[in-house]
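Going line by line, the protein sequences match chains V and X. The first sequence begins at 15 in my numbering and counts up by one. The second sequence begins at 15 in my numbering and counts up by one. Cβ atoms here follow ideal geometry from the backbone N, Cα and C, with glycine treated the same way. Owing to the predicted nature of the structure, the values given are computational and were not obtained by experimental measurement. Working notes, structure below.
2 protein chains.
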Amino acid sequence: MDELTVLDCCAPLVRQPLDEERAAGLARAFKALGDPVRLRIVSIVAGHEGGEACVCDLTASFDLAQPTISHHLKVLKDVGLLTSERRGSWVYYRIVPDRLAELSALLAVPAEVAR
Amino acid sequence: MDELTVLDCCAPLVRQPLDEERAAGLARAFKALGDPVRLRIVSIVAGHEGGEACVCDLTASFDLAQPTISHHLKVLKDVGLLTSERRGSWVYYRIVPDRLAELSALLAVPAEVAR
DNA sequence: TGCTGATATCCATGGGCGTCAATATTGACG
DNA sequence: CGTCAATATTGACGCCCATGGATATCAGCA
Chain V
15 MDELTVLDCC APLVRQPLDE ERAAGLARAF KALGDPVRLR IVSIVAGHEG GEACVCDLTA
75 SFDLAQPTIS HHLKVLKDVG LLTSERRGSW VYYRIVPDRL AELSALLAVP AEVAR
Chain X
15 MDELTVLDCC APLVRQPLDE ERAAGLARAF KALGDPVRLR IVSIVAGHEG GEACVCDLTA
75 SFDLAQPTIS HHLKVLKDVG LLTSERRGSW VYYRIVPDRL AELSALLAVP AEVAR
């Protein structure tokens, strides 16, 4: 995708009222982040060495069953916040910077409003 | 070229794994944004003239019952994304720029990761 | 081929959430 | 006071979702 598309699609909330369709797509991503476990997963993956973490790294970081972690990873992947790649027995997850940047830009508050 | 690191509380995801407590607080806000109606409400309020909108403006923008809008406004207010002020018969809502900025900064992706 | 470890899928369960009708509250105005 | 308009609260219903146990898939290895 080119930068114009990114810029155009990521204008802050203030610029224009979100149409239903776009709001639905963005809400899916925010809903995915709206779980403390998933938020920590994204944080761990983003901050992990090499920008990626395998599932074993994550299951070790939570007091949750392995299927639960796998479920959360699927949710994050389905909304485009994570990608996965299998290498041998292990599956490595990494964040999708463009997707995070899109959400970040959306919430950026213009100076004229931040008063 | 490291920018002035915003706030200690708002360092991007990459800097440090979120502890449970902080993740819980942030997840509450993201969960509130994880509904298309609420996302559009925030958008409408932020973009409305004067930076504020009364409930009547919102009920007119959705094909939803008035209690439903009122419920969504309460959710957004409870997580600190909106404030309300009564003036006469009308109640005006406005966004909390600091709260939005906190979330935006959290999702901002450092250059070394966005490669 | 069979075995073992890593990860994903399936299924059930309990709790949380979006919606709305009915009702309550609040303020303005006569 | 009484009435009306704007907004909030309550209660109920149906559905989605986080979680974990059982099981399946997949890759490496003997």
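With a CB to CB cut of under 8 Å and the five nearest residues on each side skipped, what residues in its chain are close to residue i?
i: ASP71 of chain V; result: ILE58, HIS62
i: TRP104 of chain V; result: CYS68, VAL69, CYS70
Confirm, please, whether the CB-CB distance from residue j to residue i is below 7 Å.
i: SER118 of chain V; j: SER118 of chain X; result: yes
i: ARG52 of chain V; j: LEU90 of chain V; result: yes
i: ARG108 of chain X; j: GLY94 of chain X; result: no
i: GLU99 of chain V; j: TYR106 of chain V; result: yes
So what does DSSP say about residue i, is it helix, strand or coil?
i: VAL59 of chain V; result: helix
i: VAL89 of chain X; result: helix
i: LEU96 of chain X; result: strand
i: VAL110 of chain V; result: coil
i: GLU17 of chain X; result: Because the pLDDT at GLU17 of chain X is just 44, under 50, the model does not fix this residue reliably, and the value given afterwards should be weighed accordingly. DSSP places GLU17 of chain X in coil when its eight states are reduced to three.
i: ALA37 of chain X; result: helix
i: VAL123 of chain V; result: coil
i: ALA67 of chain V; result: strand
For residue i, which residues from the same chain have a beta carbon less than 6 Å from its beta carbon, with the 5 sequence-adjacent residues on both sides left out?
i: LEU47 of chain V; result: LEU53
i: ARG11 of chain V; result: Within the shown structure, residues of chain V are numbered from 15 to 129, placing residue 11 of chain V beyond reach of any answer.
i: GLY102 of chain V; result: none
i: ALA60 of chain X; result: ILE109
Comparing C-alpha positions only, which one of the options sits nearest to residue i?
i: SER84 of chain V; options: V:VAL93, V:GLY94, V:ASP77, V:THR73; result: V:THR73
i: LEU40 of chain V; options: X:ASP92, X:THR82, X:PRO50; result: X:PRO50
i: HIS86 of chain V; options: V:PRO111, V:LEU120, V:VAL56, V:GLU35; result: V:VAL56
Rounded to a whole number of angstroms, what is the C-alpha to C-alpha distance between residue i and residue j?
i: LEU32 of chain V; j: THR97 of chain V; result: 27 Å
i: LEU27 of chain V; j: VAL123 of chain V; result: 8 Å
i: VAL20 of chain X; j: GLN80 of chain X; result: A caution first: VAL20 of chain X carries a pLDDT of 45, below 50, which makes its placement in the model unreliable, though a value can still be read off. Roughly 39 Å between the two C-alpha positions.
i: LYS45 of chain X; j: GLU66 of chain V; result: 25 Å
i: ALA38 of chain X; j: ASP77 of chain X; result: 32 Å
i: THR82 of chain V; j: GLU34 of chain X; result: 17 Å
i: PRO111 of chain X; j: LYS88 of chain V; result: 32 Å
Can you give me the Cβ contacts of residue i inside the same chain, cut-off strictly under 7 Å, excluding the 5 residues immediately before and after it?
i: ARG36 of chain X; result: none
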